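No gaps in the numbering here: position 99 of the sequence shown is 99 in full-length UniProt numbering, and each next residue is one more.
Report on the following structure.
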Amino acid sequence: MEKFRNLGLSDAIIEALEKKGFTAPTPIQEKTIPMLLSGEKDIVGQAQTGTGKTAAFGLPIIENVREGAGHVQAIVLTPTRELAMQVADEIISFRGSRKVFVATVYGGQPMLPQLKALKRGADIVVGTPGRVLDHIRRKTLDLSQINNFVLDEADEMCNMGFLEEVSEIMENAGEDRRTLLFSATMPREVMNIAKKFMGDYDVVSVKREKDEAPLTELIFHEVNERDRFEALCRVVDAQPEFYGLVFCRTRADADRVAGTLAERGYPAEPIHGDLSQARREDILMRFRKRRCKILVATDVAARGIDVPDLSHVVNFALPQDPQSFVHRVGRTGRAGKKGVAVTLITPREFGKLRYITKITKLRVDKKPLPTIDQVIDVKKSRMGAELSEIVEAGKHLSYLDLAHELLEGVDPIEAVAALLKHSQGGVLDKRSYRKIEECGGPAANRGRVRFTAHIGRAHGMTPRKLVDMICRRARINPVRIQHVKIQGRQSTFTVPAGDSDNVMRAVNRASKNERPLLKRG
Numbered sequence: 001m002e003k004f005r006n007l008g009l010s011d012a013i014i015e016a017l018e019k020k021g022f023t024a025p026t027p028i029q030e031k032t033i034p035m036l037l038s039g040e041k042d043i044v045g046q047a048q049t050g051t052g053k054t055a056a057f058g059l060p061i062i063e064n065v066r067e068g069a070g071h072v073q074a075i076v077l078t079p080t081r082e083l084a085m086q087v088a089d090e091i092i093s094f095r096g097s098r099k100v101f102v103a104t105v106y107g108g109q110p111m112l113p114q115l116k117a118l119k120r121g122a123d124i125v126v127g128t129p130g131r132v133l134d135h136i137r138r139k140t141l142d143l144s145q146i147n148n149f150v151l152d153e154a155d156e157m158c159n160m161g162f163l164e165e166v167s168e169i170m171e172n173a174g175e176d177r178r179t180l181l182f183s184a185t186m187p188r189e190v191m192n193i194a195k196k197f198m199g200d201y202d203v204v205s206v207k208r209e210k211d212e213a214p215l216t217e218l219i220f221h222e223v224n225e226r227d228r229f230e231a232l233c234r235v236v237d238a239q240p241e242f243y244g245l246v247f248c249r250t251r252a253d254a255d256r257v258a259g260t261l262a263e264r265g266y267p268a269e270p271i272h273g274d275l276s277q278a279r280r281e282d283i284l285m286r287f288r289k290r291r292c293k294i295l296v297a298t299d300v301a302a303r304g305i306d307v308p309d310l311s312h313v314v315n316f317a318l319p320q321d322p323q324s325f326v327h328r329v330g331r332t333g334r335a336g337k338k339g340v341a342v343t344l345i346t347p348r349e350f351g352k353l354r355y356i357t358k359i360t361k362l363r364v365d366k367k368p369l370p371t372i373d374q375v376i377d378v379k380k381s382r383m384g385a386e387l388s389e390i391v392e393a394g395k396h397l398s399y400l401d402l403a404h405e406l407l408e409g410v411d412p413i414e415a416v417a418a419l420l421k422h423s424q425g426g427v428l429d430k431r432s433y434r435k436i437e438e439c440g441g442p443a444a445n446r447g448r449v450r451f452t453a454h455i456g457r458a459h460g461m462t463p464r465k466l467v468d469m470i471c472r473r474a475r476i477n478p479v480r481i482q483h484v485k486i487q488g489r490q491s492t493f494t495v496p497a498g499d500s501d502n503v504m505r506a507v508n509r510a511s512k513n514e515r516p517l518l519k520r521g
């Protein structure tokens, strides 16, 4: 703990950190804490989720709080209520023996408990922009005397449309405040906030060192749409201890996937904006305690979920934009633990995945799905481990008399096999698993079809003109058209296999020549 002490933290805080199991500061903490304890400048911190930024701003804020001041001394804005609750819990756990009071305010919860918490004399308020602004307008929250204003996950706040609310809240905050802005990315909107509302600020950026091995393995499986759910089950079944997030595009998808998983016996729950706050909190509590091991979420609902030891993240469907992909896969492989991020795509989605990896500069490797034999081996190993635990704990003793009776005149191996079949059903029977047809060819041309067009340079054709023509006629995204080559009197290109029939039909139908313009190959 000497490294934490060297940052300038008090013994009371050091003691609280020891109880939480902290041993050494993370890079963002090492850079930020001394600056917040000693300097006067505002700070813009760029760091991914899971790098310890809550402690980076939370510990100095607690150190600087004046006990019994009788007014709010710090405000922390977060994009979601889940993140607000999580940040508040973290700050409370850091305070140790110090009498620092924290109030949490967010939508979806009655106003009365929040009003009572604020009237009791909160030193630090953590909340979402909408509800914080509501309290300011009601005159139930006064930020005129705050010393610290924290914007956590500022890029997500911009993505969710909170820019106007954030601006109004900052206009109602005291001028002598210190502003701390933390964000995983720095889009123009975030930098505009810094320029408009922050004074002279320092930038603290923490990035992975080039020679540091990434802790998250990024892979994808290419399957037909009809096999997508079975592929998800195969991924889960092949892991001895799967504990992770499954991302869907819509709330309806999250409900459907979680419901079907639950019907098959998987400990799965959905989480999205349509759930009541009480239901969401109950699901998150059970997930953190591992009573539920698969959380099926939408991007928005997952933005406040921070669990450091997830084994897997599964993209059941690709997100709408590359940055969401980065946020998703960044939820595993944290806190020094390795993780796996799996993406399930169909052949026609390969172009979109390729576009995402190009923009994000992430390498996502194709791997075959786990085989049925591999799944059965995992289940056998799990059964053996569970049986050993039962015997070691003596939980089987009340069944010994019955066991002796059953073994009379029956081969012991046959008896054990029959009992396993009775308790486990058909999990070891290959016929219980549906065959999944994997798609895709060589690495350079996975799931793609090559076309030859009977027009080339001699006809005035250029790569841009060819792509524009195909997109206009077949109505597909230009990123799906690749490997374009223009020759003298012909041209070639590839499209995802799922788009090939549409491209062939649409382009040739629109051709004025008797000879079809396109042919495969």
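For every residue, glycine included, the Cβ atom is placed at its ideal position computed from N, Cα and C.
Since the structure is predicted, the reported quantities are computational estimates derived from the model, not experimental observations.
- The continuous stretches of beta strand (DSSP E) do not include Tyr355, which lies in the alpha helix (DSSP H) extending over residues 350–360.
- Under the three-state reduction of DSSP, Val206 is assigned to coil, being neither helix nor strand.
- Tyr201 has its alpha-carbon roughly 21 Å from the corresponding atom of Thr51.
- Beta-bridge pairing by DSSP links Pro496 to Arg448.
- Your pair Arg249 and Gly351 does not check out as a contact, with CB atoms roughly 17 Å apart and the cut at 8 Å.
- Under the three-pair Cβ rule at 8 Å, the stretch 180–194 does not count as touching the stretch 304–319.
- Distance check between Tyr106 and each of Asp89, Arg131, Leu83, Leu369 places Arg131 closest, using alpha-carbon atoms only.
- Taking the CA atoms as reference points, Ile372 sits about 14 Å from Pro240.
- Just measuring C-alpha positions, the residue of Pro463, Ser500, Val313 sitting nearest Phe451 is Ser500.
- One Cα belongs to Phe493, the other to Ala238, and the distance between them is close to 38 Å.
- Put simply, the stretch 160–174 does not touch the stretch 83–99. Fewer than three CB pairs are less than 8 Å apart.
- With a 10 Å radius around the Cβ and a threshold of 16 neighbouring Cβ atoms, Leu112 comes out exposed.
- Taking a C-beta distance under 8 Å as the contact criterion, Glu63 and Ile124 do not qualify as a contact pair.
- Taking the Cα positions, Val503 is about 30 Å away from Leu232.
- Around the beta carbon of Lys31, 16 or more other beta carbons sit within 10 angstroms, so the residue counts as buried.
- In this chain, the beta strand (DSSP E) harbouring Phe149 covers 148–151.
- Taking C-beta atoms as the reference points, Ala69 and Thr78 fail to come closer than 8 Å.
- DSSP places Val300 inside the alpha helix (DSSP H), whose first and last residues are 299–302.
- Around the beta carbon of Ile390, a 10 Å sphere encloses fewer than 16 other beta carbons of the protein chains shown; the residue is thus reported as exposed.
- Boundaries of the beta strand (DSSP E) around Phe182: 178–183.
- Listed in chain order, the non-local C-beta contacts of Ile486 below 8 Å within the same chain comprise Gly456, Arg457, Met461, Thr462, Pro463, Leu466, local neighbours out to five positions each way being set aside.
- Between Pro347 and Gly498 the beta-carbon gap is near 5 Å, inside 8 Å, which marks them as a contact.
- In this structure, Arg264 sits away from Ile436, with a CB-CB distance that is not shorter than 8 Å.
- In this structure, DSSP gives Gln46 an extended state, which the three-state scheme calls strand.
- About 26 Å separates the CB atoms of Val313 and Ala278; that is not less than 8 Å, and the two are not in contact.
- Per DSSP, reduced to three states, the secondary structure at Val307 is coil, with no helix or strand assignment.
- Annotated three-state conformation of Glu67 is coil, per DSSP.
- Residue range 372–393 is occupied by the alpha helix (DSSP H) that includes Gly384.
- Here Thr128 is buried, its C-beta having at least 16 other C-beta atoms within 10 Å.
- Less than 8 Å separates the beta-carbon of Ala506 from that of Ala474.
- In the DSSP assignment, Gly130 falls within the alpha helix (DSSP H) that extends over 129–137.
- In the three-state reduction of the DSSP assignment, Arg464 falls in the helix class, which pools H, G and I.
- Taking 8 Å as the cut-off, the beta carbon of Thr343 is found closer than this to the beta carbon of Val364.
- Counting along the chain, the unbroken alpha helix (DSSP H) around Gln29 starts and ends at 27–38.
- For Gln482, the uninterrupted beta strand (DSSP E) run begins and ends at 482–486, by DSSP.
- Counting of Cβ neighbours within 10 angstroms places Ala103 among the buried residues, the total reaching 16 or more.
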